[in-house]
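Numbering (the numbering used here), first residue to last: 111 to 263. Ideal Cβ positions, reconstructed from N, Cα and C, are used throughout, including at glycine.
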Ligand code: HEC
């Protein structure tokens, strides 16, 4: 009993520097979160989307999207980004999944992809004129705020 406790304390003591080191040096995920802080024009759009008319499986997929894609930046970034086609979302969901510490499984990535493709069809591709106007407004607001003609600072 006594020696078990001693071993436990010894282990804890030996692990202490590791814990302090981990605390002091940013993890791969923290570095990504830091990088994601650099503002983008898409961040200035709405953070929410009305999914009440989406099919139930897409509503389920939204839940995965909301948890997994809001860890490093806000949901406004993917929701207002100009990407809309399956091809574009395939590229960007894969890009985000590959980021160190993203914690997105292939199955979750597929659900996020399904949500974004459906949502983009409804909100973006169905009315390209209105959507392009929205994008132009975000770019103008971004420029007014940061004084540059780009979508990222
Ligand atoms: C590990 C942190 C992290 C997670 C998780 C994450 N992102 Fe990102 N995201 C970033 C960073 C950092 C950027 C800034 C540009 C870059 O580094 O790619 C970014 C940029 C973007 C952009 C702008 C396009 C670009 O690449 O410049 C979109 C769209 C996007 N993310 C969508 C998503 C989606 C969809 C998910 C969920 C599948 C997601 N992100 C999850 C870190 C993350």
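| query | result |
| --- | --- |
| In the DSSP assignment, find the unbroken alpha helix (DSSP H) run with residue 206 in it and report its ends. | 196 to 207 |
| Report the rounded CA-to-CA distance for residue 182 versus residue 239, giving the unit in angstroms. | 30 Å |
| Within the present structure, is the beta-carbon of residue 211 separated from the nearest heavy atom of ligand 1 by less than 7 Å? | yes |
| When you compare only the Cα positions, how much space is there between residue 235 and residue 241? | 8 Å |
| Would you grab the beta carbon distance between residue 189 and residue 159 for me? Rounded to a whole angstrom, and I think it's under 8 Å. | 6 Å |
| Is there at least one non-hydrogen atom of ligand 1 closer than 7 Å to the beta-carbon of residue 252? | no |
| Skipping 5 residues on each side, what residues in its chain have a beta carbon closer than 6 Å to that of residue 186? | 153, 155 and 157 |
| Could you pull the start and end residues of the alpha helix (DSSP H) that residue 172 belongs to? | 166 to 178 |
| Would you check if the region 172 to 180 and the region 218 to 233 touch, i.e. whether three or more CB-CB distances between them fall below 8 Å? | yes |
| What do you reckon, is the C-beta of residue 245 under 7 Å from a heavy atom of ligand 1? | no |
| Take residue 129 and list the residues in its own chain whose beta-carbon comes closer than 6 Å to its own, dropping the five residues that flank it on each side. | Residue placement at residue 129 is flagged as unreliable, the pLDDT there being 47, under the threshold of 50; a coordinate-derived value is accordingly withheld. |
| Is residue 209 near residue 142, with beta carbons less than 8 Å apart? | yes |
| Measuring alpha carbon to alpha carbon, tell me which residue in 247, 249, 164 and 194 is nearest residue 227. | 194 |
| Is residue 188 near ligand 1 - that is, is its Cβ less than 7 Å away from at least one heavy atom of it? | yes |
| Is residue 146 near ligand 1, with its Cβ less than 7 Å from a heavy atom? | yes |
| Looking at ligand 1, does it come within less than 7 Å of residue 168, judged from the CB to the closest heavy atom? | no |
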